[in-house]
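Going letter by letter, the sequence shown gives residues 27 to 702 in my numbering. This report refers to the structure that appears directly beneath it.
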Amino acid sequence: MQIKTVLLLIVAALAAGGLVYYQYYFKSKITDNRRHLLAFLRFLAVFTILVLLINPKMSTETVRLEKRKLLVVSDNSSSLQYSETDTTVRDWIKKQDLSTINNRFDLRYYRFAKQLQAGDSLSFSEPVTDINRALRELNDVYAQDEAVLLLLTDGNQTFGADYEYFGAGAKFPVYPVVFGDTMKYEDLRIDQVNLNRYAFLRNQFPVETFVSYQGKSRVNTLYSIYLDNKKVYSEELLFSEQEDTKRINTLIEAERVGVKGLRISLSVLPQERNVENNSRNASIEVLDEQTKIALVSDIAHPDIGVLKKAIEANEQRVVSVLKPVGSDKKWTEYDLFILYQPNSRFQNMYSYLKNNGVNRFTITGTKTDWGFLNAVQNTFEKDFSDLSDEVLPIINSGFSAFDIGQIDFDSYPPLESSLGEILITKPQDIILQQRIRGVNLGEPLFALIQEETNREAVLFGENIWKWRIQSYRNNQNFELFDEFLGKVIRYLSGNRSKTRLSLDYEKTIRGLEKARIRAAYFDQAFQFDGNAEIALTVRSVSNGSTTERNMLLKQGYYEVDLSDLNPGEYTFTVEVRNEKLSKSGTFTILDYDVERQFLSSDYQKLARLSDRTGGELFFPNQLDALIAELTGQNAYAPKQRSEQKVVSLVDFKILLLTIVLALALEWFLRKYHGLI
């Protein structure tokens, strides 16, 4: 308590005593012992009021030593084990637990691979390394603290964003300690293979490969592709210190149906140490799913032949030209219908499409019976007239159903269409809009329409044959136009038919992807059933072993995790218990360990990281230098922080109660004795 406060309390006591003496001893006519009690009550009330006004406080000051946090973050991936530095890391962590470090820093231990975890228990068995994620998570956790980070790693990241650019937002300096072999050996490596998941029978599928070379010599290597252990492509590649990367694009013929294994390899250099990264396995599923399309027209028109040629440019599609009259039995063999300029003779056709929920592609023009078309379906309608005009296509930049490619509609000639306002009553995605005589009408020219179970495309114009000719003029081939039309057909063929049990899974599990199978089960009213018991039986093709697991209910689907399965080919069956309902399939888990792709540490990238964050790079044999750096920095010295706490010495409630009771009792006694 301050001296000033003590003096004020003394003054308050003297003032209260003086006031009481004046009232009860100097001026008062009360001479018996009653005046002592009344004087005490008055003194107590007045003194308490003065104490409330003074409000005496007492302050305490505590001093503490605050150490900067030293975050020791260790790489727990298997690459350190492969490079035989796992023991070195463990020993190094034990050595740094020194008194000089503990006296200066508050040590916090972490380990990371794909995720960051607290603790220093290291197994060096994790399959991936995400250095960037570990740094960013620690950056968020210690954003308000003063910290220094020791990063124990070989610098080889196999997952996530590049950590080299972390430095811009770093809240602490990073001191990398580089483990692993720092020697740069001559090495060829397949960095990446890009491959579609599916290919169609008797079609060619693309394979894109990125290859790199580390070394200073001029070397040759044989690049080969094997399909089911049969060599289908080879090429001689030349590398040098200046020309150290290549991209190889090839087309491979899909000759047989099924999941096909691919092996892409590079021949080994004479002095090459790491040959694990000279080959890469992949797989692709070859499908024989031919789409049968009915092109229905009641008139002869050049568009009919052009549509057939453009669609059949893909060998998996067969187009049959039909009249709108026929039997339902004949129409059932077709997967998609193109309705060219419908009229009243299409009545039975529309009834069949409505009853069976088949997707369609409608093309209208000057011969379209709009009165009939508006009445027979409710997807779109047109306020038509007998007038027609030439309509130019304008690309809708907001179209998102698929990528239309490099097709240049701005150079395409106009189509002919009857004039009138168009109203589409269902959810739509507009590909092209109309322009007439330089004016953008905002009306759709080519639209995709999506309903719950059906898809439809509508082209509001005829003479599409002119577009295919223009594509040839622009590119000396029909490929861009045929590819665009093929994407429309693929979109219309893409919706799933109703089924009570549907599966979602990857047929090829590549590298680090998670192996899992999802299932959706619906009751007889096609409502999702979350009370079903669904079992999965998995069988290994190589050894015949089987395992059965129950699928777990998630949000709107069932799922089972198969991450514990070894690489290989598997067959499986999903069965709904108490129902005669099941589905089967196959999948392949590829044998690929990304951590084996590196033998040398990437100390150069770690050096750039340390420079950008204000740290410094060290090696395991430089422990003394690292300790000297950390302990010699004045900025890292513990800081003395003082905290002052001010506490009030009075309880306002008690003092107020004391004042009220003292004054009330004084008044009562004076009243009782007739002094008022």
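Glycine included, each C-beta is placed from N, C-alpha and C at the ideal position.
Open item on the list: With a threshold of 8 Å between beta carbons, is Glu488 in contact with chain D?
Closed with: Within the model displayed, chain D is absent; a lone protein chain is all it includes.
- [ ] Could you pull the start and end residues of the beta strand (DSSP E) that Asn576 belongs to?
- [x] 572-576
Open item on the list: If I follow the unbroken beta strand (DSSP E) through Leu591, where does it start and stop?
Closed with: It is not in any beta strand (DSSP E) - Leu591 carries neither H nor E in the DSSP assignment.
Open item on the list: Under 8 Å: do the segment 430-442 and the segment 482-491 share three or more Cβ pairs, one atom per stretch?
Closed with: Touching, per the Cβ criterion.
Task: Lys93 vs Arg134 beta-carbon contact at 8 Å - done: At a Cβ-Cβ threshold of 8 Å, Lys93 and Arg134 do not count as neighbours.
TODO: Return the CA-CA distance between Glu505 and Phe226, expressed in angstroms with no decimal places.
DONE: In this structure, the alpha-carbon of Glu505 lies about 18 Å from that of Phe226.
- [ ] For Met375, name the three-state secondary structure that DSSP assigns.
- [x] Met375: helix per DSSP, three-state reduction.
Task: Residue from Glu669, Leu97, Thr612 with nearest C-alpha to Ile310 - done: Thr612
Task: Whether Pro593 touches Ile560 by CB criterion (8 Å) - done: no
Open item on the list: Does Thr597 come out as helix, strand or coil in the three-state DSSP assignment?
Closed with: strand
Task: Cutoff 7 Å; reference Thr184; Cβ partners in own chain excluding five residues on either side - done: Val154, Thr155, Val620, Glu621
Open item on the list: Please identify the residue among Asp146, Leu253, Ser528, Glu281 whose C-alpha is closest to the C-alpha of Thr599.
Closed with: Ser528
- [ ] Report the rounded CA-to-CA distance for Gly241 versus Gly287, giving the unit in angstroms.
- [x] 31 Å
Open item on the list: For a quick check, are the C-beta atoms of Ile278 and Val237 less than 8 Å apart?
Closed with: no
Task: Continuous beta strand (DSSP E) stretch holding Pro232: start and end - done: 230-240
Task: Of the listed residues Arg159, Leu418, Phe548, nearest to Lys140 (C-alpha basis) - done: Arg159
Task: Spatial neighbours of Ala427 in its chain, beta-carbon cut-off 7 Å, leaving aside the 5 residues before and after - done: Asp455, Leu474, Tyr517
Open item on the list: If you follow the beta strand (DSSP E) that Ser266 is in, where does it begin and where does it stop?
Closed with: That residue, Ser266, is in no beta strand (DSSP E); it is neither H nor E in DSSP.
TODO: Over the uninterrupted beta strand (DSSP E) stretch that includes Arg90, give me the two end residues.
DONE: 83-92
Open item on the list: With a threshold of 8 Å, are at least 3 pairs of Cβ atoms found where one atom belongs to the segment 194-205 and the other to the segment 164-179?
Closed with: yes
Open item on the list: Helix, strand or coil for Arg137? Go by DSSP, reduced to three states.
Closed with: DSSP places Arg137 within a strand segment (E or B) once states are collapsed to three.
Open item on the list: Residues in the same chain with beta-carbon distance under 6 Å from Val46, minus the five sequence neighbours each way, listed in chain order, please.
Closed with: Ala65, Arg68, Phe69
Open item on the list: Here's the rule I'm using: 16 or more other beta-carbon atoms within 10 Å means buried, otherwise exposed. How should Gln502 be labelled?
Closed with: exposed
- [ ] Determine the extent of the beta strand (DSSP E) in which Val8 is found, giving its start and end residues.
- [x] The requested residue 8 does not occur in the structure, where the chain is confined to residues 27 to 702.
- [ ] Can you grab the Cα-Cα spacing for the pair Asp314 / Asn374, in whole Å?
- [x] 31 Å
- [ ] Go through its chain and collect everything with a Cβ distance to Gln496's Cβ below 7 Å, but skip five positions before and after it.
- [x] Closer than 7 Å at the Cβ level, and outside the excluded window around Gln496, lie Ser437, Tyr438, Pro439.
Open item on the list: When you compare the segment 284-302 with the segment 209-218, are there three or more beta-carbon pairs, one atom per stretch, that lie closer than 8 Å?
Closed with: Result yes; three or more Cβ-Cβ pairs closer than 8 Å.
TODO: Evaluate the contact criterion for the segment 324-341 versus the segment 352-361: three or more CB pairs, one atom per stretch, below 8 Å.
DONE: Verdict: no, contact absent.
Open item on the list: Could you check whether Asn182 and Phe624 sit closer than 8 Å to each other, using their CB atoms as the reference points?
Closed with: yes
Task: Local Cβ density within 10 Å of Gln670, reported as buried at 16 or more and exposed below that - done: exposed
Task: Coil, strand or helix - Arg244 by DSSP - done: coil
Open item on the list: Is the separation between the beta-carbon of Leu458 and that of Ile515 shorter than 8 Å?
Closed with: no
- [ ] Assign Asn576 to buried or exposed, taking buried as 16 or more other Cβ atoms, counted over all protein chains shown, within 10 Å of its Cβ.
- [x] exposed
Open item on the list: Bridge partners for Pro419 per DSSP, in chain order?
Closed with: Pro419 is bridged to Gln460.
TODO: Measure the beta-carbon distance from Arg299 to Tyr211 and round it to whole angstroms, keeping in mind my assumption that it falls under 8 Å.
DONE: 5 Å
Open item on the list: Looking only at its chain, what residues have a beta carbon closer than 7 Å to the beta carbon of Ser260, apart from the 5 residues adjacent to it on each side?
Closed with: Leu248, Tyr249, Ser250
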